[in-house]
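*Asks:* What follows is a structure written as structure tokens; I'll ask about it next.
There are 2 protein chains.
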Amino acid sequence: MLSHLKVARLRALPSALRLELVEARRGRSWSQAELGERLGLPQTHISGIETGKTVPRFDTLLDLVRVLDRDLLLVPRALVPAVQALIRNHMAPGDGEGERALYADNEAEEADATRSQA
Amino acid sequence: MLSHLKVARLRALPSALRLELVEARRGRSWSQAELGERLGLPQTHISGIETGKTVPRFDTLLDLVRVLDRDLLLVPRALVPAVQALIRNHMAPGDGEGERALYADNEAEEADATRSQA
DNA sequence: TTAATTAATATGCTAAAGTATATAGATTAG
DNA sequence: CTAATCTATATACTTTAGCATATTAATTAA
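Protein sequence lines, in the order shown, are assigned to chains E and D. Residue 15 is where the first sequence starts when you use the numbering used here, and the numbers rise one by one after that. Residue 15 is where the second sequence starts when you use the numbering used here, and the numbers rise one by one after that.
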């Protein structure tokens, strides 16, 4: 039964994505409190998201990335590498803006693999 | 017009995204229960997400789209149109799969509860 | 018609997101 | 040094995602 691979649930946002968020915020010289004000979120929540303490709802994360001039797009798996290349190409090499990587794959990160099946 | 509008919080996933999820699932001839089994989610939860009753956490939505052979990518705003074009181009016209639109912008969903109660 | 499948809804519950506040540990400016 | 800023953490509280279950309605087939 190899088609029964259960998806390991993330316990936090992928570190690459979190890094992107922090870099984008700092690239604008915004403090966590400043970013929170623009979103109507407390500074503590921004901290929790950036440090991986909480997994935000999709709407929360969407608001967050949009304030940082980004968007979350639904992309067919087959096109992911192409989109990644597009983004990398767009980012000037050695850009001081802190625009670098994009969040791509699972990375397993700190997934809680333990899930008792009935 | 006024430039700095407060970010209106989504009360549900954008309808375009929800539509994509439903079409992708049906394209694979999966019932809500079948999809839920693969994710470890109850059918009722799938229903709630698809109908806009609940906003899933990011990890939940990520699991969901990945089972449907898609991914959520963080894309710089300036590149959103290019990525959209890339996706549209990739979708062959008349493709048997339910691959059509992609989720793009806010759309001002609002998602007022459609109370079709009896 | 009956029976099975699919999807939506309702209730109750638990876990966690989200809010508000205060504060400690850094860092930087004075 | 003090003072201010930024970030992480802690506590308490409210809201809601998520889980389990049952039910309703609509569809589909026999």
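Cβ atoms here follow ideal geometry from the backbone N, Cα and C, with glycine treated the same way. This one's a predicted model, so the numbers in the text were calculated from it and none came from an experiment.
Considering only the beta carbon of each residue, do L86 of chain E and L75 of chain E sit closer than 8 Å?
*Replies:* Contact flag set, yes.
*Asks:* Any idea if D83 of chain E is buried or exposed, counting beta-carbon neighbours within 10 angstroms, 16 or more meaning buried?
*Replies:* Flag for D83 of chain E reads exposed.
*Asks:* How would you label A132 of chain D, buried or exposed, when you count the other beta carbons within 10 angstroms and need 16 or more for buried?
*Replies:* Here A132 of chain D scores only 24 on pLDDT, less than 50, and its place in the model should not be relied on; the value that follows carries that caveat. Exposed.
*Asks:* Could you give the first and the last residue of the continuous alpha helix (DSSP H) run that contains V97 of chain E?
*Replies:* It spans 94 to 104 - the alpha helix (DSSP H) in which V97 of chain E sits, taken as one unbroken run.
*Asks:* Between E:V79, E:V97, E:P95, E:N103, which lies nearest to L33 of chain E when the distance is taken from Cα to Cα?
*Replies:* Cα-wise, what sits closest to L33 of chain E is E:V79.
*Asks:* For L102 of chain E, decide whether its Cβ has a neighbour in chain D, counting only Cβ atoms nearer than 8 Å.
*Replies:* For the record, residue 102 of chain E in the displayed sequence is Arg; it is not Leu. Cβ-Cβ to chain D under 8 Å: no for R102 of chain E.
*Asks:* Just the chain E side, please: which residues come within less than 9 Å of V69 of chain D by C-beta, in chain order?
*Replies:* Result: R71, F72, D73, T74.
*Asks:* Taking Cβ positions only, does A96 of chain D come closer than 8 Å to chain E?
*Replies:* It does: the Cβ of A96 of chain D has a partner Cβ on chain E nearer than 8 Å.
*Asks:* Classify P70 of chain E: buried if its beta carbon has 16 or more other beta carbons within 10 angstroms, exposed otherwise.
*Replies:* With 16 or more other Cβ atoms within 10 Å, it is buried.
*Asks:* For the beta strand (DSSP E) containing D85 of chain D, name the first residue and the last one.
*Replies:* Per DSSP, D85 of chain D belongs to the beta strand (DSSP E) from 84 to 90.
*Asks:* Classify R25 of chain E as helix, strand or coil using the three-state DSSP reduction.
*Replies:* It is coil, neither helix nor strand.
*Asks:* Could you tell me whether the Cβ atoms of L53 of chain E and V97 of chain E are closer together than 8 Å?
*Replies:* Contact: no.
*Asks:* So with Cβ pairs under 8 Å, would you call N36 of chain D a contact of chain E?
*Replies:* Checking the displayed sequence, the identity of residue 36 of chain D turns out to be Val instead of Asn. For V36 of chain D, the answer is no, since every Cβ of chain E falls outside 8 Å of its Cβ.
*Asks:* In the DSSP assignment, what residue or residues form a beta bridge with R71 of chain D?
*Replies:* Looking at the DSSP assignment, R71 of chain D forms a beta bridge with E:R71.
*Asks:* Which of the residues in the region 31 to 55 of chain D, read from start to end, lie with their CB under 7 Å from any CB of chain E?
*Replies:* Per Cβ criterion, the list reads L31, E34, L53, G54.
*Asks:* Can you tell me the Cα-Cα spacing of T68 of chain E and Q57 of chain E, whole angstroms?
*Replies:* Roughly 13 Å separates the two Cα atoms.
*Asks:* Indicate the three-state DSSP secondary structure (helix, strand or coil) for R32 of chain E in the structure shown.
*Replies:* Looking at R32 of chain E - three-state DSSP - the assignment turns out to be helix.
*Asks:* So, at 6 Å on beta carbons, what are the nonlocal neighbours of G110 of chain E in its own chain, with the 5 sequence-adjacent residues on each side left out?
*Replies:* Because the pLDDT at G110 of chain E is just 45, under 50, the model does not fix this residue reliably, and the point stays unresolved.
*Asks:* Assign G66 of chain D to one of three DSSP states: helix, strand, or coil.
*Replies:* Correct three-state label for G66 of chain D: coil.
*Asks:* Within the 8 Å Cβ cut-off, does R114 of chain D reach chain E?
*Replies:* Any reading at R114 of chain D is ruled out, since the residue's pLDDT is 40, under 50, leaving its predicted position unreliable.
*Asks:* Around the Cβ of R39 of chain D, are there at least 16 other Cβ atoms within 10 angstroms (buried) or fewer (exposed)?
*Replies:* With 16 or more other Cβ atoms within 10 Å, it is buried.
*Asks:* For G50 of chain D and F72 of chain D, I'd like the C-alpha separation in whole angstroms.
*Replies:* Each residue's alpha carbon lies about 16 Å from the other.
*Asks:* Apart from the five residues on each side of it in sequence, which residues of its chain come closer than 6 Å, Cβ to Cβ, to D77 of chain E?
*Replies:* Excluding positions up to five away in sequence, the list reads L53.
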